[in-house]
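So the structure is just underneath, and the comments pick up after that.
2 protein chains.
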Amino acid sequence: MKSEQIKKLKNAGLKLTSSRLLTLGAFSSLCKPQNADDIYKKLKKLTGKDKIDLVTIYRTLTSFEQTGIVKKVNLQKDSVYYELANSHHHHIVCTVCESVEEFNLCGIEKTTKDVLKKSIKFNSIAQHSLEFFGVCKKCTKNEKRSVKKFSPSSLNPQCQRN
Amino acid sequence: MKSEQIKKLKNAGLKLTSSRLLTLGAFSSLCKPQNADDIYKKLKKLTGKDKIDLVTIYRTLTSFEQTGIVKKVNLQKDSVYYELANSHHHHIVCTVCESVEEFNLCGIEKTTKDVLKKSIKFNSIAQHSLEFFGVCKKCTKNEKRSVKKFSPSSLNPQCQRN
DNA sequence: TTTTTAATTGCAAGTTGTTTGCATTTATAA
DNA sequence: TTATAAATGCAAACAACTTGCAATTAAAAA
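Structure follows, in structure tokens:
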């Protein structure tokens, strides 16, 4: 529900501006993790023109993260990706074409407990990041042809991005 | 053993240069993840003068990653951190002071299998990234005083960094 | 409703981490 | 020992992100 996120904004004393509502709209529980530029382009296309400055999106994402609406995702790409904080799932990233697949199972609750038991410096854990990396089927097929070594920032046009 | 890493370099057809050996020396199985600048400063101190250019370290790290000597670590900081690829452990990062603690248990082998079973796009996984985030004991103690919200890039002088 | 006030925005400019081009140096194969 | 391709250092470029400041706007106060 979007209303719960609006509640979070209000609770944090943040104004309900059109930029924030538009940015909120750019996230859906279905969509893949997005970076500032993805959202910028999406809103540009949606609204027809440059209604929101890229800088504003950076600032909006920061405030969304601080209020717990979104969270960062570690994809080992060279920009920061975000997704809705209430969607607990993880990702497999193709290290050749950078395409991303999601998965829901996680099962590290026990690990979390064990970790805390042994930890010296921490007595609580707020969140975790669990992502897998490999070469997707499509890129594996094309691998013989290509000499390309592991390079997360490369981009193989054979697979559609993200 | 350092010799196995040298073997990796040779196998990849890379020259055994002093920059590479020095950079290799900057990694030990004990040390925390390091970024290019950490290594640059460490070698500067060690060798007395600017023997290696920062650019060379970037290039060296890239080649080390491609040959499987080091791997990237996701710490949600704003630069890329590396550690030896043969050290399988994970980290808890304090989201206030950015200090890092390591842990060895992992236990996600089963999850990995389950994920692959359900995956549509992948049929193998090369590596994974599992990191925890929270507020360390020291920073928790100081939290009442400080208004600071979650901001991974902030730095609290109360705790020693990294 | 209108006024007031402080938060938010857009623009331009800055900063940081990282990469690239190119001439020079150097490890290794011949 | 020489030849050659890879590796390096330097300067400059680049991309992602941040900051300062004046103008705008949501929401509290009147």
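Chains as they are written, first to last, in our numbering: chain A, 166 to 327; chain D, 166 to 327. Glycine included, C-beta positions come from ideal geometry on N, C-alpha and C. Only a predicted model underlies this, so the values are computations on that prediction, with no experimental measurement involved.
For residue i, which three-state DSSP category applies?
i, result
"Phe297 (chain A)", "strand"
"Val220 (chain D)", "helix"
"Lys237 (chain A)", "strand"
"Leu249 (chain D)", "strand"
"Ile273 (chain D)", "coil"
"Phe229 (chain D)", "helix"
"Ile285 (chain D)", "coil"
"Val261 (chain A)", "coil"
"Asn307 (chain D)", "coil"
Have a look at the options and flag the residue whose alpha-carbon is nearest the alpha-carbon of residue i.
i, options, result
"Ala191 (chain A)", "A:Lys167, A:Thr260, A:Lys180 and A:Leu181", "A:Lys167"
"Ala250 (chain D)", "D:Leu189, D:Thr182 and D:Ser183", "D:Leu189"
"Tyr223 (chain D)", "D:Leu240, D:Leu179 and D:Val245", "D:Val245"
"Gly213 (chain D)", "D:Thr305, D:Lys283 and D:Leu187", "D:Leu187"
"Glu263 (chain A)", "A:Ser194, A:Val280, A:Thr305 and A:Ile217", "A:Thr305"
"Gly299 (chain A)", "D:Phe287, D:Asn307 and D:Gly299", "D:Phe287"
"Thr277 (chain D)", "A:Lys236, A:Lys278 and A:Asn269", "A:Asn269"
"Asp279 (chain D)", "A:Asn307, A:Lys282, A:Val280 and A:Ile273", "A:Ile273"
"Ser284 (chain A)", "D:Lys302, D:Ser193, D:Asn307 and D:Val261", "D:Lys302"
"Glu230 (chain D)", "A:His254, A:Thr260, A:Leu281 and A:His253", "A:Thr260"
Closer than 6 Å by C-beta to residue i: which residues in its own chain qualify, once you throw out the five before and the five after it? Chain order, please.
i, result
"Ile257 (chain A)", "Glu266 and Phe297"
"Lys314 (chain D)", "In this prediction, Lys314 (chain D) scores a pLDDT of 37, lower than 50, which makes its location untrustworthy; the coordinate-derived value is nonetheless stated afterwards. No residues qualify anywhere along the chain."
"Leu240 (chain A)", "Tyr246 and Val258"
"Lys236 (chain A)", "Ala250"
"Ile217 (chain D)", "Ser184 and Leu208"
I think residue i touches residue j, with their Cβ atoms under 8 Å apart; what is that distance to the nearest whole Å?
i, j, result
"Ala291 (chain A)", "Thr232 (chain A)", "Not really, about 14 Å apart at Cβ, beyond 8 Å."
"Ser183 (chain A)", "Thr221 (chain A)", "The pair is not a contact, with the Cβ atoms about 10 Å apart (cut-off 8 Å)."
If I measure Cβ to Cβ from residue i and keep anything under 8 Å in the same chain, skipping five residues before and after, which residues do I get?
i, result
"Leu219 (chain A)", "Ala201, Asp202 and Tyr205"
"Leu179 (chain A)", "Arg185, Ser228 and Thr232"
"Asp215 (chain D)", "Lys209"
"Val238 (chain D)", "Pro198, Tyr246, Tyr247, Glu248, His256, Ser294 and Glu296"
"Lys173 (chain D)", "Thr232, Gly233 and Ile234"
"Leu281 (chain D)", "Phe287, Asn288, Ser289 and Ile290"
"Cys271 (chain A)", "His253, His254, His255 and Leu295"
"Leu181 (chain A)", "Ile171, Leu174 and Lys175"
Report all residues from its chain with a CB closer than 7 Å to the CB of residue i; omit the five preceding and five following residues, and keep chain order.
i, result
"Gln170 (chain D)", "Leu189 and Ile234"
"Thr225 (chain A)", "Ser184, Arg185 and Thr188"
"Ser194 (chain D)", "Leu249 and Ser252"
Notebook entry, point to check: What residues in the segment 292-306 of chain A have a beta carbon less than 9 Å from any beta carbon of chain D?
Noted result: Gln292, His293, Ser294, Leu295, Glu296, Phe297, Phe298, Gly299, Val300, Cys301, Lys302, Lys303 and Thr305
Margin query: Against chain A, which members of the segment 208-228 of chain D pass a CB distance test of less than 7 Å?
Written below: Flagged: no residues at all.
Notebook entry, point to check: Got a sec: which bits of the segment 175-198 of chain A sit with their beta carbon under 8 Å from any beta carbon on chain D, in order along the chain?
Noted result: none
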